[in-house]
Amino acid sequence: MVLLLAANPRGTELLDLAREVTEVQRELAPLAATTGLRFEARWAVSVDDAMRHMTEIDPCILHLSGHGRAGATVVLEGDRGEPQPVTARALAMMISAAGRHVRAVVASTCFGLADAEELLTAVDCVIGFEGRVSDVAARAFSVRFYAALAAGRSIGNAVAHGAATLFARQLVGAALPRCLTRDGVDADAMTIVRRARSDAGPRGQAP
Numbered sequence: 113m114v115l116l117l118a119a120n121p122r123g124t125e126l127l128d129l130a131r132e133v134t135e136v137q138r139e140l141a142p143l144a145a146t147t148g149l150r151f152e153a154r155w156a157v158s159v160d161d162a163m164r165h166m167t168e169i170d171p172c173i174l175h176l177s178g179h180g181r182a183g184a185t186v187v188l189e190g191d192r193g194e195p196q197p198v199t200a201r202a203l204a205m206m207i208s209a210a211g212r213h214v215r216a217v218v219a220s221t222c223f224g225l226a227d228a229e230e231l232l233t234a235v236d237c238v239i240g241f242e243g244r245v246s247d248v249a250a251r252a253f254s255v256r257f258y259a260a261l262a263a264g265r266s267i268g269n270a271v272a273h274g275a276a277t278l279f280a281r282q283l284v285g286a287a288l289p290r291c292l293t294r295d296g297v298d299a300d301a302m303t304i305v306r307r308a309r310s311d312a313g314p315r316g317q318a319p
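If you number the sequence shown the way the numbering used here does, the last residue is 319 and the count never jumps.
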């Protein structure tokens, strides 16, 4: 299960977050029956909302979509829709309390890897960007990342898929996306979907 938490608080640059979700869901929908990979999105998320959604949905991947800034992995919404910056340390505490099965955080935000070591106290890996990332680049990365995961690729390889797409489309910007892991964790060995292997030969004939 992937849980995407989206926020575009009042007074921040308008992002096309709905398009990101739509394109990822379009990519995954034909594979849902064979992969079992579900992708849930929640909108205009506050701190309380984030805690409630993690508790109720219990995801294995937490995807943060929206704005980030130096010192804040993501900017959620306050009580009146105003920006509510959430530090990596605070997010790690939220995940430890409410997201008991979260293995990876995907920060589709600017400066998503800032203070990632704090997040790695709560999860196995953090995927994101060290600098600024455009709306288009964040969306393109997400689509290819989840398509690779649905194909049974590892998290490390899925990040490579997304990075290659951004480079080929000249959407790199400040930096390519990276995957950071806690000590002893190999992102190239982490898979979310296990695809069954067929013993059939060419054109469905038995070998």
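C-beta atoms are modelled at their ideal positions from N, C-alpha and C, and glycine is treated no differently.
Give me, in chain order, the residues of the same chain whose beta-carbon lies closer than 8 Å to that of V284; leave out the 5 immediate sequence neighbours on both sides.
Indexing the sequence shown from 1 puts residue 284 at position 172. If we look at V284 and ignore the five residues flanking it on each side, its Cβ neighbours are A249 and L278.
Does the stretch 164-184 come close enough to the stretch 289-299 that 3 or more CB-CB pairs lie under 8 Å?
no
What does DSSP give as the partner residue(s) for V114 in the beta ladder?
Reading the sequence shown from its first residue, position 2 is the one you call residue 114. Its beta-bridge partners are F151 and I173.
Looking at the strands, I want to know which residues DSSP matches up with I239.
Against the sequence shown, residue 239 aligns to sequence position 127. BP columns for I239 point to V218 and C291.
Would you be able to state if there are at least three C-beta pairs under 8 Å between the stretch 204-216 and the stretch 254-262?
no
For P121, count the other beta carbons within 10 Å of its own beta carbon; 16 or more makes it buried, fewer makes it exposed. Which is it?
Taking the sequence shown and counting its residues from 1, the one referred to as residue 121 is at position 9. It is buried - the Cβ of P121 has at least 16 other Cβ atoms within 10 Å.
Can you give me the C-alpha to C-alpha distance between G240 and G274, rounded to a whole angstrom?
Against the sequence shown, residue 240 aligns to sequence position 128. Against the sequence shown, residue 274 aligns to sequence position 162. Cα to Cα, the separation comes out at about 11 Å.
Taking the C-alpha atoms as reference points, what is the distance between G183 and D227?
What you label residue 183 is simply residue 71 of the sequence shown in a count that begins at 1. What you label residue 227 is simply residue 115 of the sequence shown in a count that begins at 1. Roughly 7 Å between the two C-alpha positions.
Kindly give me the distance between the Cβ atoms of V305 and G264, rounded to whole angstroms, as I take these residues to be in contact under 8 Å.
On the sequence shown, residue 305 is found 193 positions in, with the first residue counted as 1. On the sequence shown, residue 264 is found 152 positions in, with the first residue counted as 1. About 5 Å; that satisfies the 8 Å criterion.
As a quick exercise: from V157, S246, L203 and R150, pick the residue whose alpha carbon is nearest that of C222.
The count along the sequence shown starts at 1 and reaches residue 222 at position 110. Taking only the C-alpha atoms, the option nearest C222 is S246.
Whole angstroms is fine: what's the gap from G313's alpha carbon to E135's?
Taking the sequence shown and counting its residues from 1, the one referred to as residue 313 is at position 201. Taking the sequence shown and counting its residues from 1, the one referred to as residue 135 is at position 23. Low confidence applies to G313: its pLDDT is 44, below 50, so where it sits in the model is not reliable, and the reading given next is rough at best. Whole-angstrom Cα-Cα distance: 33 Å.
Collapsed DSSP secondary structure at R192 in the structure displayed
One-based indexing of the sequence shown puts residue 192 at position 80. Coil.
In DSSP terms, what T303 is bridged to
Numbered from 1 along the sequence shown, position 191 holds the residue referred to as residue 303. DSSP output for T303 lists S266 as bridge partner(s).
Opening and closing residue of the alpha helix (DSSP H) in which E230 lies
Position 118 of the sequence shown holds residue 230. Note, E230: alpha helix (DSSP H), A228 to L231.
Would you identify the three-state DSSP class for V245, choosing helix, strand or coil?
The sequence position of residue 245 within the sequence shown is 133, counting from 1. Here V245 sits in coil by DSSP.
Can you tell me whether R181 is helix, strand or coil according to DSSP?
In the sequence shown, counting from the first residue as 1, residue 181 sits at position 69. Three-state DSSP puts R181 in a strand.
Excluding the five sequence neighbours on either side, which residues of its own chain have a C-beta within less than 6 Å of the C-beta of A234, listed in chain order?
Residue 234 sits at position 122 when you count from the first residue of the sequence shown. Hits under 6 Å: A204, I207 and S208.
Note the first and the last residue of the continuous alpha helix (DSSP H) segment covering V133.
Reading the sequence shown from its first residue, position 21 is the one you call residue 133. Looking at the DSSP string, the run of the alpha helix (DSSP H) that includes V133 is L129 to L140.
Within 8 Å, strictly: CB atoms of L115 and P171
Translated into positions along the sequence shown, residue 115 becomes position 3. Translated into positions along the sequence shown, residue 171 becomes position 59. In terms of Cβ geometry, L115 and P171 form a close pair [threshold 8 Å].
Less than 6 Å between C-beta atoms, sequence neighbours within five positions excluded: which residues of the same chain meet that for A200?
The count along the sequence shown starts at 1 and reaches residue 200 at position 88. Correct list, in chain order: T185, D227, E230 and L231.
Check for me: the alpha helix (DSSP H) holding S158 runs from which residue to which?
By 1-based counting over the sequence shown, the position of residue 158 is 46. It is not in any alpha helix (DSSP H) - S158 carries neither H nor E in the DSSP assignment.
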